[in-house]
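J.: The sequence shown runs 470 to 734 under the working numbering.
Quick one: the structure is below, and I'll ask about it shortly.
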Amino acid sequence: MAKKQLAMVIDLLKCTGCGACALACKTENNTQDKANGQTFNWADYVTKVEGQFPNVKYSIIPVLCNHCTDAPCVKVCPVKPKAMHKHENGITMHNQERCIGCRLCQQNCPYSVEDVDKAKAAYSVISYNDGEPHDFYRNEEELIKGLTASGAEMIKRAGDTPPHRTLYKHSDYASVRRKNVVEKCIFCEHRVLQGEQPFCVVACPAKARTFGDLADQNSEVSKLLQKYKALQLKNNKGEFLKPGEKGTRPNVYYIRSYRAEARKT
């Protein structure tokens, strides 16, 4: 294990499936809407419906980059120094300036696919920007001349922050990525370096997410993994690694089980 290994534990029993994590991530990291087979959801979730009526089980698994210890995306990155690389804190980081858009990382990540629609995949950790991000909200042309506003004017009139203007600085990535590069969850390292938690952790109303250093036995993530049996995802289908399987040694852990219950009146 690295001197420091940042990790996340998600308590599925606490999770309500509200999606606040996904919304918070899009707000913080200026990710786009799904398009051209790319989800751009750094925080996403897999929904499962099992069984037959009336014995039906519904469950949700929140997902994000697993920041794997044996990250195949890092191994296959062809540029030097690597665009996809590991930081000393264990985060799998992407440097957009080094990225050449070859998508080898996306092709080799067990939690990613090149096109979620064609693959009928639940999600993809890594997405690819084939065009200028958030073009709609930058465009000053009227949608219908003489009848409607432009995307840029709509945001201006609303007086709100557009989806590409939550600004922050980081040495490896920009608050809005450029076209022709891949992008993925980076555990909000721009926040972590300031002593803050990833925004999905902060935004979870059920406090289902815990973030910390696995190398520190006194950290909350370490204590949770000592207390509960944990599972790790095997792929982007919502399947978990079986006992004895290591996979890519993901650093996102799941404890307990999702339980959707009717409210008693």
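Each residue gets a CB set at the ideal place from its N, CA and C atoms; glycine is no exception.
If you're wondering where the values come from, they're calculated on a predicted model, not measured in any experiment.
Can you give the beta carbon distance from lysine 472 to alanine 684, rounded, assuming they're within the 8 angstroms contact cut?
T.: For the purposes of this step, residue 472 is taken as residue 3 along the sequence shown, with counting starting at 1. For the purposes of this step, residue 684 is taken as residue 215 along the sequence shown, with counting starting at 1. Indeed, because the Cβ distance is near 6 angstroms, the residues count as touching under 8 angstroms.
J.: For glutamate 689, which of helix, strand or coil comes out of DSSP?
T.: Indexing the sequence shown from 1 puts residue 689 at position 220. Here glutamate 689 sits in helix by DSSP.
J.: Could you check the C-alpha separation between asparagine 499 and arginine 725 for me, to the nearest Å?
T.: Position 30 of the sequence shown, counted from the first residue, corresponds to residue 499. Position 256 of the sequence shown, counted from the first residue, corresponds to residue 725. Approximately 31 angstroms between the Cα atoms of the pair.
J.: Taking the alpha-carbon positions, what's the lysine 483 to valine 532 distance?
T.: Mapped onto the sequence shown, residue 483 falls at position 14. Mapped onto the sequence shown, residue 532 falls at position 63. In a straight line, the C-alpha of lysine 483 is about 15 angstroms away from that of valine 532.
J.: Are there 16 or more other CB atoms within 10 angstroms of the CB of isoleucine 569, so buried, or fewer, so exposed?
T.: The sequence position of residue 569 within the sequence shown is 100, counting from 1. Per the 10 Å Cβ criterion, exposed.
J.: Helix, strand or coil for asparagine 697? Go by DSSP, reduced to three states.
T.: Position 228 of the sequence shown, counted from the first residue, corresponds to residue 697. It should be pointed out that residue 697 corresponds to tyrosine in this sequence rather than to asparagine. Here tyrosine 697 sits in coil by DSSP.
J.: Return helix, strand or coil for tyrosine 597, following the three-state DSSP convention.
T.: Here residue 597 corresponds to residue number 128 of the sequence shown, with the count starting at 1. Of the three classes helix, strand and coil, the one that applies to tyrosine 597 here is strand, per DSSP.
J.: Taking the continuous alpha helix (DSSP H) assigned at arginine 660, which residues delimit it?
T.: Within the sequence shown, the letter at position 191 stands for residue 660. Segment 658-661, the alpha helix (DSSP H) holding arginine 660.
J.: Using three-state DSSP, classify valine 545 as helix, strand or coil.
T.: Taking the sequence shown and counting its residues from 1, the one referred to as residue 545 is at position 76. It is helical.
J.: Taking the alpha-carbon positions, what's the arginine 732 to methionine 477 distance?
T.: Mapped onto the sequence shown, residue 732 falls at position 263. Mapped onto the sequence shown, residue 477 falls at position 8. Since pLDDT at arginine 732 reaches only 49, below the 50 mark, its modelled position is unreliable, and the value read off the structure follows with that caveat. Using only the alpha carbons, I get a separation of about 29 angstroms.
J.: Using CA coordinates, which residue listed in Arg647, Lys589, Thr617 and Asn558 is at the minimum distance from glutamate 601?
T.: To locate residue 601, count along the sequence shown from 1; it is residue 132. When only C-alpha atoms are compared, the closest one is Arg647.
J.: Do you know how far the Cα of isoleucine 529 is from the Cα of threonine 508?
T.: Locating residue 508 in the sequence shown gives position 39, where the first residue counts as 1. Locating residue 529 in the sequence shown gives position 60, where the first residue counts as 1. The straight-line gap from Cα to Cα measures roughly 18 angstroms.
J.: Using the three-state DSSP reduction, which class does arginine 732 fall into: helix, strand or coil?
T.: For the purposes of this step, residue 732 is identified with residue 263 of the sequence shown, where counting begins at 1. Residue placement at arginine 732 is poorly supported in this model, since its pLDDT is 49, which falls under 50; the coordinates still yield a value, given next. If DSSP states are grouped into helix, strand and coil, arginine 732 belongs with coil.
J.: Please list the segments of the alpha helix (DSSP H) lying wholly inside the stretch 497-584, counting only runs of 4 or more residues, in order along the chain.
T.: Whole alpha helix (DSSP H) segments, 4+ residues: 541-545 and 573-577.
J.: Taking isoleucine 624 as part of the alpha helix (DSSP H), name the residues at either end of that continuous run.
T.: Counting from 1 along the sequence shown, the entry for residue 624 is found at position 155. 620-627 is the span of the alpha helix (DSSP H), which, as asked, contains isoleucine 624.
J.: Would you please state the rounded distance, in angstroms, between the beta carbons of glutamate 652 and serine 596? I believe it to be under 8 angstroms.
T.: Translated into the one-based positions of the sequence shown, residue 652 becomes position 183. Translated into the one-based positions of the sequence shown, residue 596 becomes position 127. Contact holds; Cβ gap of about 6 angstroms.
J.: Could you compute how far the alpha carbon of asparagine 577 sits from the alpha carbon of threonine 630?
T.: Here residue 577 is taken as the residue at index 108 of the sequence shown, counted from 1. Here residue 630 is taken as the residue at index 161 of the sequence shown, counted from 1. Looking at the two C-alpha atoms, the distance is approximately 36 angstroms.
J.: Is DSSP giving aspartate 604 helix, strand or coil here?
T.: Taking the first residue of the sequence shown as position 1, residue 604 is located at position 135. Residue state, collapsed to three classes: helix.
J.: Indicate whether valine 661 and isoleucine 479 have their beta-carbon atoms separated by less than 9 angstroms.
T.: Working through the sequence shown from its first residue, we reach residue 661 at position 192. Working through the sequence shown from its first residue, we reach residue 479 at position 10. For valine 661 and isoleucine 479, no; Cβs fall outside 9 angstroms.
J.: Could you spell out where the beta strand (DSSP E) holding valine 721 opens and where it closes?
T.: For the purposes of this step, residue 721 is identified with residue 252 of the sequence shown, where counting begins at 1. Start and end: 721-724.
J.: If you drop the 5 nearest sequence neighbours on each side, which residues of the same chain put their C-beta closer than 6 angstroms to that of glutamine 699?
T.: Here residue 699 is taken as the residue at index 230 of the sequence shown, counted from 1. Checking the sequence, you will find alanine at residue 699 rather than glutamine. Closer than 6 angstroms at the Cβ level, and outside the excluded window around alanine 699, lie Tyr722 and Ile724.
J.: Would you give the residue range spanned by the beta strand (DSSP E) that alanine 476 belongs to?
T.: Sequence index remark: in the sequence shown, residue 476 carries index 7 (1-based). Element bounds for alanine 476: 475-480.
J.: So who's on the other strand from threonine 679, going by DSSP bridges?
T.: In the sequence shown, counting from the first residue as 1, residue 679 sits at position 210. For threonine 679, which the question treats as bridged, DSSP gives the partners Val478.
J.: Near proline 579, which residues of its chain fall below 6 angstroms by C-beta distance, leaving aside the five closest residues on each side in sequence?
T.: Translated into positions along the sequence shown, residue 579 becomes position 110. These residues qualify, in order along the chain: Asn704.
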